[in-house]
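J.:
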Amino acid sequence: MKIPDQSTLYEGIADRPRLRGNACSACGRVYFPPLAIGCEKCGASETHLRPESLAASGTVYSLAQVHLHRGKTPAPFTIAEIQLDAGPLIRATLAPAAAHVRIGDRVSAEWAVVRTEDNGDELVEPVFTASSTAAVTTNGAHS
1 MKIPDQSTLY EGIADRPRLR GNACSACGRV YFPPLAIGCE KCGASETHLR
51 PESLAASGTV YSLAQVHLHR GKTPAPFTIA EIQLDAGPLI RATLAPAAAH
101 VRIGDRVSAE WAVVRTEDNG DELVEPVFTA SSTAAVTTNG AHS
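The UniProt record's numbering applies: residue 1 is where the sequence shown begins, and numbers increase by one.
#1: Got a sec? Which residues, its chain only, sit under 8 Å from I3 by beta carbon, not counting five neighbours each side?
#2: Please list, in chain order, all residues of the same chain as C27 whose beta carbon is under 8 Å from its beta carbon, the five residues on each side excluded.
#3: Does the stretch 17-32 come into contact with the stretch 81-94, if we say contact requires no fewer than three beta-carbon pairs (one atom in each stretch) closer than 8 Å?
#4: Check for me: the beta strand (DSSP E) holding V127 runs from which residue to which?
#5: Can you tell me where the beta strand (DSSP E) holding F32 begins and where it ends?
#6: Checking contacts by CB at 8 Å: is L19 closer than that to chain C?
#7: Cα-Cα, which of D118, T59, V60, A80 is closest to V66?
#8: I82 and A92: beta carbons closer than 8 Å?
#9: DSSP has S108 in a bridge; who is on the other side?
#10: By the three-class DSSP mapping on this structure, what secondary structure does E117 have?
#11: According to DSSP, what are the bridge partners of T47?
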């Protein structure tokens, strides 16, 4: 069974990853990750923030190649700032097959297996690739 590694942030295991964000009902500003303290744009209280399921697709704003990293992701890998179609600018890992992606390109998320538990469950995270080639990756950008 596939399970999001960070289930508070991601959903949509049966199909394309979706991001769990929120939106301000007073001004419409959309956030990812979700805020809990109120709207940063208009100052509305947290009671105005409603859950929002965001499509994990957008346009590459910037790219950075990581050559040295002590975390769970083996270097080298690429981090992108992605302007989501829903509005927020996020940082995310690009899939290894997305090495050709450039600033201004359209991207969307696919699930990548981060690790397999002893019971056989696969923990997955979204990674981004060119919109036309998105598919499920095994042992993608993470180990």
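The beta-carbon is built from N, C-alpha and C at its ideal position, and this holds for glycine as well.
T.: Let me lay it out:
#1: I13, D121, E122, L123, V124
#2: C39, K41, C42, A44
#3: yes
#4: 122-130
#5: First-last for F32: undefined, no H or E at that position.
#6: The displayed structure is made up of one protein chain only, and chain C is not part of it.
#7: A80
#8: yes
#9: S57, T129
#10: coil
#11: Answer is none; T47 lacks a bridge partner.
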